[in-house]
Amino acid sequence: MSTSPDAARPSSDWRRPLRYLWRLPLLLVHLLVALPVTLLLINPLSARIAPGGERLDHRAIRLWSAGLMRIFGFRLRRYGTPLPGAVMFVANHVSWIDIELMHSQRMMGFVAKAEIARWPLVGWLASRGGTIYHHRGSNDSLHGVMHQMVQRLQSGQAVGVFPEGRTTRGDAVGVFHARIFQPAVLAGVPAQPVALKYGQRGNAQTIVAFGERESFFANFVRLLGEPGRVAEVHFLEPVAASEDGRRRMAQTCRERIAAAMAG
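Residue 4 is where the sequence shown starts when you use this note's numbering, and the numbers rise one by one after that.
Encoded structure:
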């Protein structure tokens, strides 16, 4: 993973106020106009309409997320193809915007920490997008999360997880917790590793990541003023549900993501 000068947070950027001047109005239009339209399309009727093989409500969420990424200055590039149907998508975790980046490519219900439900805007959107919330440190919550994941996978839906368990500094891929792979084993569905890279060759990972003691709101505002850069989504070779356990699935997914990040 690159650590070029772009990986250090700039101390000054005279263009930042100019970016806010045109991005803030676009963000307001996206929230006040495009968001209500998107929410209207998330209903049981639109779920039955699938132009081009993609459900209308899923397409609406995907396009809205792609639009949000563009407003934040990200040019999206996808490598590989997301699996259709029931699959567990497994990605490295850098920031809140990872969810929007993955939603811009394929609809999936994420497993996320319960605190996100209280975040302005993103928490509300996450709830509407079918996020499964987990209260850290609670075994009862964990059992409930696992049960919901199995149910969704068995019903043919996709689930997205961040096996590191939390956001990182962005400069390395953390340890993958094997327990989160158990629903894929029980449901008999594959896990598809996904590498998320920000900037050329991933040189903006630490910029996108939360700074030390940086709040969600501060990160949101800071990213809105950042220079435009590429955001890459690498859908890697899937890992079949392993009869010999979740640990091998976790290890293989991590290895493939780490290799893609270093490439």
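Positions of the beta carbon are idealized from the N, C-alpha and C atoms, including for glycine.
Quiz prompt | Same chain, Cβ closer than 6 Å to A11, neighbours up to 5 away in sequence not counted | solution = Confidence in A11 is poor, its pLDDT being 44 and thus under 50, which makes the residue's placement too unreliable to answer from.
Quiz item: Quick one: complete beta strand (DSSP E) runs, 3+ long, within the region 160–237?
Solution: 162–164 and 194–201
Quiz item: How should F220 be labelled, buried or exposed, when 16 other C-beta atoms within 10 angstroms of its C-beta is the threshold for buried?
Solution: exposed
Quiz item: Where does L66 sit, in a helix, a strand or coil, going by DSSP?
Solution: helix
Quiz item: Between the beta-carbon of V242 and the beta-carbon of S107, is there less than 9 Å?
Solution: no
Quiz item: Which residue's Cα is closest to the Cα of G83: Q195, L24 and P47?
Solution: Q195
Quiz item: Can you give the beta carbon distance from R182 to R249, rounded, assuming they're within the 8 Å contact cut?
Solution: 7 Å
Exercise. Flag this pair as touching only if the region 221–231 and the region 72–79 have three or more C-beta atom pairs under 8 Å; answer yes or no.
Key: yes
Quiz item: If we ignore side chains and look at the alpha-carbon of each, how far apart do S158 and A89 end up?
Solution: 8 Å
Exercise. Please check the pair I45 and A63, which I expect to be a contact at CB under 8 Å, by giving their CB distance rounded to whole angstroms.
Key: 7 Å
Quiz item: Hey, how far is the Cα of H96 from the Cα of P54?
Solution: 32 Å
Quiz item: Of the residues I102, R121, G191 and D174, which one's Cα is nearest the Cα of M152?
Solution: G191
Exercise. Would you mind stating whether V176 and M264 have Cβ atoms separated by less than 9 Å?
Key: yes
Quiz item: Looking at the unbroken beta strand (DSSP E) that takes in H137, where does it start and where does it end?
Solution: I135 to H137
Exercise. Along the beta strand (DSSP E) that carries A94, what are the first and last residues, could you check?
Key: M91 to A94
Practice problem: Using the Cα positions of P13 and F213, report the straight-line distance between them to the nearest angstrom. | Solution: A caution first: P13 carries a pLDDT of 49, below 50, which makes its placement in the model unreliable, though a value can still be read off. So the alpha carbons of these two residues sit roughly 14 Å apart.
Quiz prompt | DSSP beta-bridge partners of A115 | solution = Y136
Exercise. Would you tell me roughly how many angstroms separate the C-alpha atoms of M91 and W17, rounded to the nearest one?
Key: 42 Å
Quiz item: What's the C-alpha gap between T170 and S98?
Solution: 6 Å
Quiz item: Out of curiosity, what's the CA-to-CA distance linking L27 and V224?
Solution: 10 Å
Quiz item: Is it right to say E2 is buried, meaning 16 or more other beta carbons lie within 10 angstroms of its own, or is it exposed?
Solution: Beyond the ends of the chain as shown, which are 4 and 266, falls residue 2; an answer cannot be given.
Self-check item: Best match in W25, A198 and R155 for proximity to P85 [C-alpha to C-alpha]
Solution: A198
Quiz item: Whole-angstrom Cβ separation of V148 and R155, contact assumed at under 8 Å?
Solution: That belief does not hold up - the Cβ atoms of V148 and R155 are roughly 11 Å apart, past 8 Å.
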